[in-house]
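*Asks:* If you read the sequences in order, they're chains U and Y.
Numbered according to the numbering used here, the first sequence spans residues 1 to 207.
Numbered according to the numbering used here, the second sequence spans residues 1001 to 1207.
Shown below is the structure under consideration.
2 protein chains.
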Amino acid sequence: LKTKIFLRPEIQTLEKSYRTNLINGLSGFQSANLIGTINSVGITNLAIFNSVMHIGADPALMGFIARPSAELHTLKNIQETGAFTINAVHESIFKNAHQTSARYANGVSEFDVCGLGHEFSKNCTAPYVLESRIKIGLTLAEEYTLKSNGCHLVVGEIIEIILEESLLTIDGNVDHKKAKSITVLGLDEYHSTQVLGKLAYAKVSES
Amino acid sequence: LKTKIFLRPEIQTLEKSYRTNLINGLSGFQSANLIGTINSVGITNLAIFNSVMHIGADPALMGFIARPSAELHTLKNIQETGAFTINAVHESIFKNAHQTSARYANGVSEFDVCGLGHEFSKNCTAPYVLESRIKIGLTLAEEYTLKSNGCHLVVGEIIEIILEESLLTIDGNVDHKKAKSITVLGLDEYHSTQVLGKLAYAKVSES
Chain U
1 LKTKIFLRPE IQTLEKSYRT NLINGLSGFQ SANLIGTINS VGITNLAIFN
51 SVMHIGADPA LMGFIARPSA ELHTLKNIQE TGAFTINAVH ESIFKNAHQT
101 SARYANGVSE FDVCGLGHEF SKNCTAPYVL ESRIKIGLTL AEEYTLKSNG
151 CHLVVGEIIE IILEESLLTI DGNVDHKKAK SITVLGLDEY HSTQVLGKLA
201 YAKVSES
Chain Y
1001 LKTKIFLRPE IQTLEKSYRT NLINGLSGFQ SANLIGTINS VGITNLAIFN
1051 SVMHIGADPA LMGFIARPSA ELHTLKNIQE TGAFTINAVH ESIFKNAHQT
1101 SARYANGVSE FDVCGLGHEF SKNCTAPYVL ESRIKIGLTL AEEYTLKSNG
1151 CHLVVGEIIE IILEESLLTI DGNVDHKKAK SITVLGLDEY HSTQVLGKLA
1201 YAKVSES
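Here you go:
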C-alpha cells in the first residue's frame, strides 16, 4: 500500500480548495445539527453545523465552533439574546439543512427559504426546527475566541430537551438510528449509519 | 407521536447514569479517533476520543475536548511534550480502540495491553497507531480550561499527515468510507456508514 505523507511546508502551499477539503476531512464523521437563533428585532436564523459537541452532563453543556466570518449571524444573535437551539438533522431534511449554508442576505431567514418550519417554546427564546426529532434549547454559558485563527468556541447550558418519547431508551440513550439522524463527512457528504456494536464499559482485564 | 420534554430542573435531578447517557447522546454521531501521546520518560499513552474536531484549514488546526479527570494522561503528556497524534478508528480496530477507555494504572501503556501497535515518525515525538489508515501529527497550539466544568479544549497545529494514497481523492477529500472509518453514538455504540449524497456548495437561488 502506497503511503502519502504531507508535512507542514507542503500543507501550507496546497491549493486552497484542496487544503480545505483535506483538512476538513481529517477528523472523520461529524454530527449534523441545525442551530436556530433570533435577533433582538425578531429575525430568525438557521445554520447547519458539523461541530456540535458534548461538553458535560452535570451541568448539562453542549458546544460548537463558529468560524470567524461565515457563521456571524448565529454568533451575533446568541450574543444579543443569550439563547440558541440545536436540532438534529435526519434523512428527510438533510438537503434542506445543507441549503442553510448558502450566504443569504441580512434580514432573510433560512427558515423561510430552505423549506424548514420553525416553532417556539415558552422556555427558550430561540426558534426550534419543526421537523427535527431531537431539539435542544440552550442559554449561552461561555464563549472563547481562539487566538490561532479567530474561531469561537460557544458553550451553552441545556435548559430544555424536546424529543419523541419513542426515541428514548430505558437507560436514557437517544436512539439516533431510529430517528434516522445522519452524519457528515467534510462539508458536504452526508451518510446514514448501521450499528456495528454497542460495547460494554471497558475494564482493565483481571488476567 | 408522544413528545417528551425535559426542563432544567428535571435534568438536574435525573439519575446519574441516565443523565450521562441522555446528554452524551444529544449531539448525535461523533468521530472516533485514538489520541497517542508519550511522556517525558518515554511511556506511551493511547486513548479513544469522540470529540476530535476540525478547527481551521489555514493554519491547519484540529482540536478535542479532554475531561477534567478521565483524560488526564493524554493532557499531561501533551503539556509535557507539546505533541500528540490523532489516528482514525476503522471497523477492524474499533474494539481495541474502545478498550483504551479502561482505567489502566500509571505506567501501563494502552499500546501494550489493547492490541494496537505503535510507530514513530521522525517528524513527531508522539506515537502513531500502526493499524490506523489516517494518522495526523500535531503540536500543541492552545489550551483553554472551561470555567463551566473544568474541561479542556486542546488545539493542535497539524505538522504531518500520513495516509494511504488510495484514500485521497483528486480534490483533496479523504475517503473515510473506503477506509471503513466508523462513527460513535454516545460513549459506546459504534456505527459504519453509507453515503446518502454529496451535495453541491449551497447557493442562494436566483429565482
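Idealized CB from N, CA, C, for every residue including glycine.
Cβ of N1039/Y within 9 angstroms of Cβ of N21/U?
*Replies:* By one-based count along the second sequence, residue 1039/Y stands at place 39. By one-based count along the first sequence, residue 21/U stands at place 21. Taking 9 angstroms as the Cβ cut-off, N1039/Y and N21/U do not qualify as a contacting pair.
*Asks:* For the putative contact between A1141/Y and L1061/Y, defined by C-beta atoms under 8 angstroms, what is the C-beta separation to the nearest angstrom?
*Replies:* By 1-based counting over the second sequence, the position of residue 1141/Y is 141. By 1-based counting over the second sequence, the position of residue 1061/Y is 61. Yes, they are in contact, since the Cβ atoms of A1141/Y and L1061/Y sit about 6 angstroms apart, within 8 angstroms.
*Asks:* Mind checking whether N1033/Y and L1187/Y have CB atoms under 9 angstroms apart?
*Replies:* The sequence position of residue 1033/Y within the second sequence is 33, counting from 1. The sequence position of residue 1187/Y within the second sequence is 187, counting from 1. It is not a contact, given that the beta carbons lie outside the stated cut-off.
*Asks:* Where Q1099/Y and C114/U are concerned, what is the direct C-alpha to C-alpha distance, given to the nearest angstrom?
*Replies:* Here residue 1099/Y is taken as the residue at index 99 of the second sequence, counted from 1. Here residue 114/U is taken as the residue at index 114 of the first sequence, counted from 1. So the two alpha carbons sit approximately 43 angstroms from each other.
*Asks:* Distance, Cα to Cα, I5/U vs G1137/Y?
*Replies:* Here residue 5/U is taken as the residue at index 5 of the first sequence, counted from 1. Here residue 1137/Y is taken as the residue at index 137 of the second sequence, counted from 1. Approximately 11 angstroms between the Cα atoms of the pair.
*Asks:* When you compare only the Cα positions, how much space is there between H1090/Y and L185/U?
*Replies:* Walking along the second sequence from the start, residue 1090/Y turns up at place 90. Walking along the first sequence from the start, residue 185/U turns up at place 185. Spanning the two alpha carbons is a distance of roughly 15 angstroms.
*Asks:* How about the stretch 1115-1129 of chain Y and the stretch 1163-1172 of chain Y: do they share at least three Cβ pairs that are nearer than 8 angstroms?
*Replies:* Because the criterion of three Cβ pairs below 8 angstroms is not met, the stretch 1115-1129 of chain Y and the stretch 1163-1172 of chain Y do not touch.
*Asks:* Return yes when the Cβ of I1011/Y is within less than 9 angstroms of the Cβ of I158/U, no when it is not.
*Replies:* Here residue 158/U refers to the residue found at position 158 of the first sequence. Here residue 1011/Y refers to the residue found at position 11 of the second sequence. In contact: I158/U and I1011/Y (Cβ atoms closer than 9 angstroms).
*Asks:* By how many angstroms is the C-alpha of F111/U removed from the C-alpha of S1207/Y?
*Replies:* Taking the second sequence and counting its residues from 1, the one referred to as residue 1207/Y is at position 207. Taking the first sequence and counting its residues from 1, the one referred to as residue 111/U is at position 111. Low confidence applies to S1207/Y: its pLDDT is 48, below 50, so where it sits in the model is not reliable enough to give any reading.
*Asks:* How would you call T183/U, buried or exposed, if buried means at least 16 neighbouring beta carbons within 10 angstroms?
*Replies:* Along the first sequence, one-based indexing puts residue 183/U at 183. T183/U should be labelled buried.
*Asks:* Excluding sequence positions up to five away, which residues of its chain have a Cβ less than 7 angstroms from the Cβ of T1193/Y?
*Replies:* Against the second sequence, residue 1193/Y aligns to sequence position 193. Within the same chain, T1193/Y has close Cβ partners K1177, T1183.
*Asks:* Leaving aside the five residues before and after F1094/Y along the sequence, list all residues of the same chain whose C-beta is less than 8 angstroms from its C-beta, in chain order.
*Replies:* Counting from one through the second sequence, the residue named residue 1094/Y turns up at place 94. These residues qualify, in order along the chain: A1032, I1182, Y1190.
*Asks:* Could you name the residues of the same chain whose beta carbon sits closer than 8 angstroms to that of P1068/Y, not counting the 5 residues immediately before and after it, in chain order?
*Replies:* The residue labelled residue 1068/Y in the question sits at position 68 within the second sequence. Taken in chain order, the residues that qualify are N1149, G1150, C1151, H1152.
*Asks:* On a CA-only basis, which of G1056/Y, S1017/Y, H1118/Y is nearest V1155/Y? Give me that one, please.
*Replies:* In the second sequence, counting from the first residue as 1, residue 1155/Y sits at position 155. Taking only the C-alpha atoms, the option nearest V1155/Y is G1056/Y.
*Asks:* Once DSSP output is grouped into helix, strand and coil, what is the label at C1151/Y?
*Replies:* Position 151 of the second sequence, counted from the start, is the residue given in the question as residue 1151/Y. Coil at C1151/Y, not helix or strand.
*Asks:* Buried or exposed: L1/U, going by 16 or more other Cβ atoms within 10 Å of its Cβ?
*Replies:* Translated into the one-based positions of the first sequence, residue 1/U becomes position 1. The residue in question, L1/U, is exposed, as its Cβ has fewer than 16 Cβ neighbours within 10 Å.
*Asks:* Does DSSP classify I43/U as helix, strand or coil?
*Replies:* As a working mapping, residue 43/U is identified with position 43 in the first sequence. If DSSP states are grouped into helix, strand and coil, I43/U belongs with coil.
*Asks:* Rounded to a whole number of angstroms, what is the C-alpha to C-alpha distance between T1037/Y and L199/U?
*Replies:* Indexing the second sequence from 1 puts residue 1037/Y at position 37. Indexing the first sequence from 1 puts residue 199/U at position 199. For T1037/Y and L199/U, the distance between alpha carbons rounds to 24 angstroms.
*Asks:* Determine whether the beta carbon atoms of L26/U and H1054/Y lie at a separation below 9 angstroms.
*Replies:* Translated into positions along the first sequence, residue 26/U becomes position 26. Translated into positions along the second sequence, residue 1054/Y becomes position 54. The answer is yes: Cβ separation under 9 angstroms.
*Asks:* Just the C-alpha distance for D1058/Y and T1139/Y, rounded to the nearest angstrom, thanks.
*Replies:* Taking the first residue of the second sequence as position 1, residue 1058/Y is located at position 58. Taking the first residue of the second sequence as position 1, residue 1139/Y is located at position 139. Going from the Cα of D1058/Y to the Cα of T1139/Y covers about 15 angstroms.
*Asks:* How is L1014/Y classed by DSSP in three states: helix, strand or coil?
*Replies:* Walking along the second sequence from the start, residue 1014/Y turns up at place 14. Correct three-state label for L1014/Y: coil.
*Asks:* Please go through the same chain and pick out, in chain order, the residues whose beta-carbon is closer than 8 angstroms to the beta-carbon of Q1208/Y, but skip the five residues on each side of it.
*Replies:* The structure shown does not extend to residue 1208/Y, since chain Y is modelled only from 1001 to 1207, so the question has no answer here.
*Asks:* Answer yes or no: do V132/U and N87/U have a C-beta to C-beta separation smaller than 9 angstroms?
*Replies:* Here residue 132/U refers to the residue found at position 132 of the first sequence. Here residue 87/U refers to the residue found at position 87 of the first sequence. The sequence shown places Ser at residue 132/U, rather than the Val named in the question. Yes, Cβ-Cβ distance for S132/U and N87/U is below 9 angstroms.
*Asks:* Run the proximity test for S1092/Y: is its beta-carbon closer than 8 angstroms to any non-hydrogen atom belonging to the ligand SAM?
*Replies:* The ligand content of the structure shown is nil, which means the ligand SAM is not present either.
*Asks:* What residue range is occupied by the uninterrupted beta strand (DSSP E) comprising F1217/Y?
*Replies:* Residue 1217/Y is absent from the model: chain Y starts at 1001 and stops at 1207.
*Asks:* Considering only C-alpha positions, which residue in the set L1196/Y, K1135/Y, I1134/Y, H1073/Y is nearest to V1231/Y?
*Replies:* Because chain Y in this structure spans residues 1001 to 1207, residue 1231/Y falls outside the shown range and cannot be described.
*Asks:* Just to confirm before moving on: does the CB-CB distance between S101/U and A66/U stay below 9 angstroms?
*Replies:* Reading the first sequence from its first residue, position 101 is the one you call residue 101/U. Reading the first sequence from its first residue, position 66 is the one you call residue 66/U. For S101/U and A66/U, no; Cβs fall outside 9 angstroms.
*Asks:* Could you check whether Y128/U and T169/U sit closer than 9 angstroms to each other, using their CB atoms as the reference points?
*Replies:* Position 169 of the first sequence holds residue 169/U. Position 128 of the first sequence holds residue 128/U. Contact: no.
*Asks:* Figure out for me which residue from V204/U, F64/U, S205/U, E143/U has the closest Cα to the Cα of G1028/Y.
*Replies:* On the second sequence, residue 1028/Y is found 28 positions in, with the first residue counted as 1. Out of V204/U, F64/U, S205/U, E143/U, F64/U has the C-alpha closest to the C-alpha of G1028/Y.
*Asks:* To which residues does DSSP link C1237/Y through a beta bridge?
*Replies:* In the structure as shown, chain Y starts at 1001 and stops at 1207, and residue 1237/Y therefore has no counterpart that could be examined.
*Asks:* So, helix, strand or coil for A1179/Y, using DSSP?
*Replies:* Here residue 1179/Y corresponds to residue number 179 of the second sequence, with the count starting at 1. Looking at A1179/Y - three-state DSSP - the assignment turns out to be coil, as it is neither helix nor strand.
*Asks:* Might you give, ordered along the chain, the residues of its own chain that have their beta carbon closer than 6 angstroms to the beta carbon of A97/U, omitting 5 neighbours on each side?
*Replies:* In the first sequence, residue 97/U corresponds to position 97, counting from 1. For A97/U, where only same-chain residues beyond five positions count, the Cβ hits under 6 angstroms are L34, I48, V89.
*Asks:* Alpha carbons only, please: which of A1105/Y, E1080/Y, G1042/Y is nearest the one belonging to K203/U?
*Replies:* Counted from its first residue, the first sequence places residue 203/U at position 203. Closest option to K203/U, Cα to Cα, is A1105/Y.
*Asks:* Rounded to whole angstroms, how far is the Cβ of L116/U from the Cβ of L130/U, which I believe are closer than 8 angstroms?
*Replies:* Residue mapping note: residue 116/U aligns to position 116 of the first sequence, counting from 1. Residue mapping note: residue 130/U aligns to position 130 of the first sequence, counting from 1. Right, their Cβ atoms sit about 7 angstroms apart.
*Asks:* If the cut is a Cβ gap below 7 angstroms, which residues of chain U does H1191/Y touch?
*Replies:* Within the second sequence, numbered from 1, the residue matching residue 1191/Y stands at position 191. Per Cβ cutoff of 7 angstroms: T193, Q194, V195, L196.
*Asks:* List the residues of chain U that C1124/Y touches, going by C-beta distances under 9 angstroms, in chain order.
*Replies:* The residue you call residue 1124/Y lines up with position 124 of the second sequence. The premise fails here: C1124/Y is roughly 10 angstroms from chain U at the closest Cβ pair, so nothing lies under 9 angstroms.
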